[in-house]
Each structure stands twice: as C-alpha cells, then as structure tokens.
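Numbering (UniProt numbering), first residue to last: 1 to 179. The beta-carbon is built from N, C-alpha and C at its ideal position, and this holds for glycine as well.
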C-alpha cells in the first residue's frame with residue numbers, strides 16, 4: 001500500500017435538507033483518457049477522486065449521477081451478506097436498482113472517519129469507513145466497512161467487494177458499536 005488519505009466526514013440527507021454550499025472541490029473522476037491520464041500515478045489520482053465523488057454523491061442522494069461512476073459490466077460482491085443484502089449484484093442496472101432502494105430507506109447516513117488507501121495497483125483502492133445512520137422508520141444503523149474498489153481502464157468501478165458486519169443491518173447491538 002502506498003498511502004492513506006483521510007476523507008472528510010460525509011453525511012447523507014434527504015433532498016429537502018440539501019445545501020448548495022460546496023464544502024470541497026473535487027477533480028473530475030474521468031479526465032481525458034489521452035496523454036498523462038494513462039500513467040499509473042494519474043490513474044491512481046483519478047480513481048481516488050472517483051471514490052471521493054462516490055461518497056459525495058451518496059451524501060447528496062444523487063443515485064442518478066452516482067451510477068455513472070460504474071462500468072456497464074460491473075459487480076458488487078458482499079461475502080458476508082445475510083440475505084437482506086445480496087451477496088452478488090451484476091451489471092449496472094442491478095447495482096442502480098439496489099442502491100436506489102437502499103438510499104430511499106435512509107433518513108440520515110454519515111461516513112465518519114473514512115480512510116481512502118491507495119495500493120501499489122493504481123486501479124485498486126481500499127476504503128475503510130464507519131457508516132452511521134437512521135432509517136426512515138427511526139431504526140439506527142451503525143457499522144464498520146472495508147471495501148475494495150477495482151477500476152477499469154476508463155476509470156469506472158468494475159468491481160466493488162464490501163466487507164461489513166451483517167448484525168449492523170438488523171438494528172441489534174454489536175460490540176463494534178462501542179468503537
């Protein structure tokens with residue numbers, strides 16, 4: 001692993017709570033593919049920018065724009081899924097449908113202490129985050145997640161493997177909540 005960068009706290013709000021204030025200027029995650037965009041360091045920077053955009057768009061609940069970060073032939077893998085969350089989503093349409101429905105179920109969601117960790121492979125980024133939220137039914141959500149994002153040559157997410165504690169999805173208490 002090359003470096004770790006701390007990302008600002010991200011909060012997910014209902015559209016009625018959106019602000020026009022820009023808290024951070026982010027580079028475009030999809031620079032022109034010609035020229036320096038092909039070097040390892042340029043791809044790494046592009047992919048890290050895409051991760052920041054990923055969380056910012058979730059904060060804005062802008063799933064229409066968020067899905068543009070994904071390759072057409074993408075996959076989401078959740079090795080510890082317990083049935084409520086599918087263990088595998090394939091293709092952009094399935095990823096969009098699942099995350100759109102999930103986003104609609106939250107009143108609030110934040111990602112405090114998000115660490116973006118670049119690896120030796122410029123097309124693979126590891127992210128560690130602590131989602132905290134409240135569902136529309138008032139249930140609290142807390143978890144700890146690790147995700148491995150893999151990017152295609154165009155800088156789109158082609159595979160996302162997410163590790164999380166499925167107990168966090170039930171609203172039941174878990175010792176990790178005390179962290």
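inquiry  = Can you find the residues in the same chain that come closer than 8 Å, C-beta to C-beta, to residue 48, ignoring five residues on each side of it along the sequence?
reply    = Stepping through the chain shown from its first residue, residue 48 is reached at position 48. Answer for residue 48: 5, 116, 118 and 125, listed in chain order.
query = Rounded C-beta distance between residue 44 and residue 155? I'm assuming under 8 Å.
reply = Along the chain shown, read from residue 1 onward, the residue named residue 44 stands at position 44. Along the chain shown, read from residue 1 onward, the residue named residue 155 stands at position 155. About 11 Å separates the two Cβ atoms, so there is no contact after all.
key: Sequence-distant residues of the same chain with beta carbon closer than 6 Å to residue 161, five excluded per side   = The sequence position of residue 161 within the chain shown is 161, counting from 1. 77 and 148, listed in sequence order.
key: Residue burial classification, residue 114 (beta-carbon count within 10 angstroms, cutoff 16)   = The sequence position of residue 114 within the chain shown is 114, counting from 1. Residue 114 is buried by the Cβ-count criterion.
ask   = Is the CB-CB distance between residue 91 and residue 73 below 8 Å?
value = Counting from one through the chain shown, the residue named residue 91 turns up at place 91. Counting from one through the chain shown, the residue named residue 73 turns up at place 73. Yes, these two residues count as a Cβ contact at 8 Å.
key: Buried or exposed (CB count within 10 angstroms, at least 16 for buried), residue 164   = Indexing the chain shown from 1 puts residue 164 at position 164. By the 10 Å Cβ count, residue 164 comes out buried.
request  = For residue 22, count neighbouring Cβ atoms within 10 angstroms of its own Cβ and tell me buried if that reaches 16, exposed if not.
outcome  = Reading the chain shown from its first residue, position 22 is the one you call residue 22. Its pLDDT being 33, under 50, residue 22 is placed unreliably in this model, and the value from its coordinates should be taken loosely. So residue 22 ends up on the exposed side.
inquiry  = Once the 5 residues before and after residue 96 are set aside, which same chain residues still bring their CB inside 6 Å of it?
reply    = Along the chain shown, one-based indexing puts residue 96 at 96. These residues qualify, in order along the chain: 67.
query = Where residue 61 and residue 103 are concerned, what is the direct C-alpha to C-alpha distance, given to the nearest angstrom?
reply = Against the chain shown, residue 61 aligns to sequence position 61. Against the chain shown, residue 103 aligns to sequence position 103. Taking the straight line from one Cα to the other gives about 7 Å.
key: Which of helix, strand or coil DSSP assigns to residue 147   = What you label residue 147 is simply residue 147 of the chain shown in a count that begins at 1. It is a strand residue.
inquiry  = Rounding to the nearest angstrom, what Cα-Cα distance links residue 145 and residue 139 in this structure?
reply    = Here residue 145 refers to the residue found at position 145 when the chain shown is read from its first residue. Here residue 139 refers to the residue found at position 139 when the chain shown is read from its first residue. Using only the alpha carbons, I get a separation of about 19 Å.
request  = Taking the CB atoms as reference points, tell me whether residue 75 and residue 166 lie closer together than 8 Å.
outcome  = If you number the chain shown from 1, residue 75 lands on position 75. If you number the chain shown from 1, residue 166 lands on position 166. Contact: no.
key: Selection from 121, 59, 122 and 111 that minimises the alpha carbon distance to residue 143   = In the chain shown, residue 143 corresponds to position 143, counting from 1. The candidate whose alpha carbon is nearest that of residue 143 is 111.
request  = Determine the extent of the beta strand (DSSP E) in which residue 55 is found, giving its start and end residues.
outcome  = Counting from 1 along the chain shown, the entry for residue 55 is found at position 55. Run containing residue 55: none in the beta strand (DSSP E); it sits in the alpha helix (DSSP H), 40-59.
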